[in-house]
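What follows is a short report on a single structure.
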Amino acid sequence: MSSVPITAAETPAAARPAAPGPLRGFRARQLAVIFGFAAFVPLVGYLFAAALGESVRFPFIVYEFAACLVIGSSAQLSALAAQNLWRHRMGAPWRVALAVLIAAAGATALLQLVDFAVARPLGIDQLMAQEGKAFASTAQRIVYQMSGALKWSLVLVVLCELLEANHRAQDELHAMRMAALAAERNLVEGKLRAMQARVDPDLLFDALLEIDQCYAHDDAAGRGRLDALIRFLRAALPSDSGGGSSVGREQELVEAYVALVPGHRDLTVDFAVEPAARQVPMPAMLLLPLVRWVLADGSARHARVEVSKPAGVLAVVVESDADVVGASAEIAIRALRERLGQLFPAGADLEVHAADGVRRAALTIPASAQAA
Numbered sequence: 069m070s071s072v073p074i075t076a077a078e079t080p081a082a083a084r085p086a087a088p089g090p091l092r093g094f095r096a097r098q099l100a101v102i103f104g105f106a107a108f109v110p111l112v113g114y115l116f117a118a119a120l121g122e123s124v125r126f127p128f129i130v131y132e133f134a135a136c137l138v139i140g141s142s143a144q145l146s147a148l149a150a151q152n153l154w155r156h157r158m159g160a161p162w163r164v165a166l167a168v169l170i171a172a173a174g175a176t177a178l179l180q181l182v183d184f185a186v187a188r189p190l191g192i193d194q195l196m197a198q199e200g201k202a203f204a205s206t207a208q209r210i211v212y213q214m215s216g217a218l219k220w221s222l223v224l225v226v227l228c229e230l231l232e233a234n235h236r237a238q239d240e241l242h243a244m245r246m247a248a249l250a251a252e253r254n255l256v257e258g259k260l261r262a263m264q265a266r267v268d269p270d271l272l273f274d275a276l277l278e279i280d281q282c283y284a285h286d287d288a289a290g291r292g293r294l295d296a297l298i299r300f301l302r303a304a305l306p307s308d309s310g311g312g313s314s315v316g317r318e319q320e321l322v323e324a325y326v327a328l329v330p331g332h333r334d335l336t337v338d339f340a341v342e343p344a345a346r347q348v349p350m351p352a353m354l355l356l357p358l359v360r361w362v363l364a365d366g367s368a369r370h371a372r373v374e375v376s377k378p379a380g381v382l383a384v385v386v387e388s389d390a391d392v393v394g395a396s397a398e399i400a401i402r403a404l405r406e407r408l409g410q411l412f413p414a415g416a417d418l419e420v421h422a423a424d425g426v427r428r429a430a431l432t433i434p435a436s437a438q439a440a
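Okay, here's the thing in structure tokens:
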């Protein structure tokens with residue numbers, strides 16, 4: 069087997085992960101903070117003035133809402149951009165301080181547009197002059213606006229930092245839980261593959277004994293039984309790729325098992341597997357234990373295996389006309405339930421029924437979580 073080394077020229081620079089955008093992660097919670105702040109501050113001011121018996125004019129409330137909307141937007145966007153661009157380059161105190169200064173400066177600049185677009189049409193300056201609260205100069209008004217923007221930006225940037233830190237912690241916790249679940253599934257799958265590699269010694273011994281007896285009477289019959297054993301071993305042993313099994317591979321294992329076991333020579337097994345379900349991943353050694361249970365130690369003469377793939381699940385139904393209850397098969401069903409609980413914590417359903425000359429097993433597992 070030959071291999072071709074990959075040179076540096078063959079490795080595209082685009083394979084490197086792209087740097088996050090400054091506003092990556094802007095979601096509904098940022099909008100909720102912005103509009104909540106813009107509504108909360110004017111409302112509290114109005115209630116406070118009403119409690120003191122002071123009159124509050126509607127234009128002031130509109131202007132206060134617009135100003136708070138500008139300050140809240142500037143603070144949230146600055147905090148989010150600082151986290152995306154500088155979270156790995158500087159500590160939290162310096163990042164927060166820089167975001168507060170940028171937010172205050174941006175909000176102060178935008179407030180000049182608010183004065184032009186909102187304050188002037190509403191006559192805010194005239195109303196303030198009537199109440200004796202007019203600014204002495206434009207510079208005084210800008211300094212006042214900057215001090216307010218700086219105060220609220222500090223509160224909002226710190227709030228955004230706390231919310232984002234909590235969100236990142238939840239994401240990391242979720243990722244750790246998913247990794248632990250995947251590791252547990254890999255462990256269970258490894259145990260199943262190891263169990264699959266340990267072919268039943270009694271079955272192997274009986275097959276070898278039958279091959280020897282067949283060769284003693286008829287070479288062709290002996291070769292046929294040997295081919296059946298080889299087919300079963302190829303289906304039972306794990307593949308070289310080490311990946312999980314599939315519905316088609318588990319079907320091959322069942323077919324090879326039925327052809328190998330002497331007590332099932334007269335057994336007819338019908339498979340009804342949807343084409344879309346054959347390639348669906350399926351953990352190893354789930355289908356064969358069901359088949360062995362419904363066959364009930366050789367009493368069955370006809371069996372049927374149905375595999376379908378409804379929305380989101382893989383449905384397996386195995387039934388036969390057996391009427392003998394096998395203790396070993398019952399133990400296998402209990403062991404299978406335990407493995408299903410380990411493989412599919414989110415939910416897998418196994419129902420078995422044995423009555424009136426019919427043995428039936430119905431298995432339903434999530435189709436989107438087969439391969440570990």
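Per my numbering, the very first residue in the sequence shown carries number 69; after that it's consecutive.
Built from N, CA and C at the ideal position, the CB exists for glycine as well.
Keep in mind it's a predicted model, so treat the numbers as computed, not measured.
Check                                                                                                                                                                      : Outcome
Can you tell which of Ala284, Leu230, Ala134 and Ala233 has its C-alpha closest to the C-alpha of Arg188?                                                                  : Ala134
Excluding the five sequence neighbours on either side, which residues of its own chain have a C-beta within less than 6 Å of the C-beta of Arg372, listed in chain order?  : Asp338 and Glu387
Would you call the region 164-175 and the region 218-225 in contact, with 3 or more CB pairs under 8 Å?                                                                    : yes
So, does the region 153-163 touch the region 179-196, judging by three or more C-beta pairs under 8 Å?                                                                     : no
Just the C-alpha distance for Asp389 and Arg95, rounded to the nearest angstrom, thanks.                                                                                   : 59 Å
Could you give the DSSP three-state label for Ala395: helix, strand or coil?                                                                                               : Only weak support is given to the placement of Ala395: the predicted model assigns it a pLDDT of 49, under 50, and the question is left unresolved by the model.
Is the Cβ-Cβ distance between Leu356 and Leu305 less than 8 Å?                                                                                                             : no
Select from Cys228, Glu252, Thr336 and Gln180 the residue whose C-alpha is nearest the C-alpha of Phe211.                                                                  : According to the sequence shown, residue 211 is Val rather than Phe. Checking every option, the nearest Cα to that of Val211 belongs to Gln180.
Using a Cβ-Cβ cutoff of less than 6 Å, which residues in the same chain neighbour Met350 once the five nearest sequence positions on both sides are dropped?               : Ser313, Ser314, Val315, Glu318 and Gln438
Please determine, among Gly409, Ala423 and Ala106, the residue with the shortest C-alpha to C-alpha distance to Thr432.                                                    : Gly409
Express the C-alpha separation of Asp391 and Asp424 in angstroms, rounding to a whole number.                                                                              : 8 Å
Looking at the secondary structure, which residues open and close the beta strand (DSSP E) in which Ser123 lies?                                                           : Counting along the chain, Ser123 falls outside any beta strand (DSSP E), and DSSP gives it neither H nor E.
With Pro434 as the anchor, note down where its alpha helix (DSSP H) starts and where it stops.                                                                             : Element bounds for Pro434: not the alpha helix (DSSP H) but the beta strand (DSSP E), Val426 to Pro434.
Compute the Euclidean distance between the alpha carbons of Val348 and Ser376, then round it to the nearest angstrom.                                                      : 10 Å
Consult DSSP for Arg343 and reduce its assignment to one of helix, strand or coil.                                                                                         : Reading the sequence as shown, one finds Pro at residue 343 and not Arg. Helix, per DSSP.
Only counting the same chain, and skipping five residues up and downstream in sequence, which positions put a Cβ closer than 8 Å to that of Glu132?                        : Val109, Pro110 and Gly113
Helix or strand or just coil, what does DSSP make of Val420?                                                                                                               : strand
Leaving out the 5 sequence neighbours to the left and right, which residues in its chain are closer than 6 Å to Arg346 when beta-carbon positions are compared?            : Val315 and Gly316
Does DSSP classify Pro349 as helix, strand or coil?                                                                                                                        : strand
So Leu404 packs on Leu382, CB below 8 Å; how close in whole Å?                                                                                                             : With 8 Å as the limit, Leu404 and Leu382 do not qualify as a contact, their Cβ atoms being about 15 Å apart.
Can you check DSSP and say which residues form a bridge with Arg372?                                                                                                       : Asp338 and Glu387
Please check the pair Leu335 and Ala368, which I expect to be a contact at CB under 8 Å, by giving their CB distance rounded to whole angstroms.                           : 6 Å
Helix, strand or coil: which one does DSSP assign to Ser314?                                                                                                               : strand
Using a Cβ-Cβ cut-off of 7 Å (strictly less than) and excluding sequence neighbours within five positions of Arg84, which residues of its own chain qualify?               : Confidence is the limiting factor: at Arg84 the pLDDT is only 45, short of 50, which leaves the residue's position unreliable and the question unanswerable from this model.
Skipping 5 residues on each side, what residues in its chain have a beta carbon closer than 6 Å to that of Ala324?                                                         : Arg299, Phe300 and Ala303
Under the assumption that Trp361 contacts Ala416 (Cβ atoms under 8 Å), give the Cβ distance between them as a whole number of angstroms.                                   : That pair is no contact at about 16 Å.
Excluding the 5 residues preceding and the 5 following Arg428 in the sequence, name in chain order all residues of the same chain whose CB lies nearer than 6 Å to its CB. : Glu387 and His421
Counting C-beta neighbours from all protein chains within 10 Å, is the total for Ala237 16 or more, i.e. buried, or is it exposed?                                         : exposed
Is Leu91 helix, strand or coil when you go by DSSP?                                                                                                                        : coil
For Val381, does the three-state DSSP call read helix, strand or coil?                                                                                                     : strand
Does the beta carbon of Ser205 fall short of 7 Å from some heavy atom of the ligand NAD?                                                                                   : Among the ligands in the structure shown, none appear at all, so the ligand NAD cannot be discussed.
By the 10 Å Cβ neighbour count, where 16 or more other Cβ atoms means buried, how is Ser205 classified, buried or exposed?                                                 : exposed
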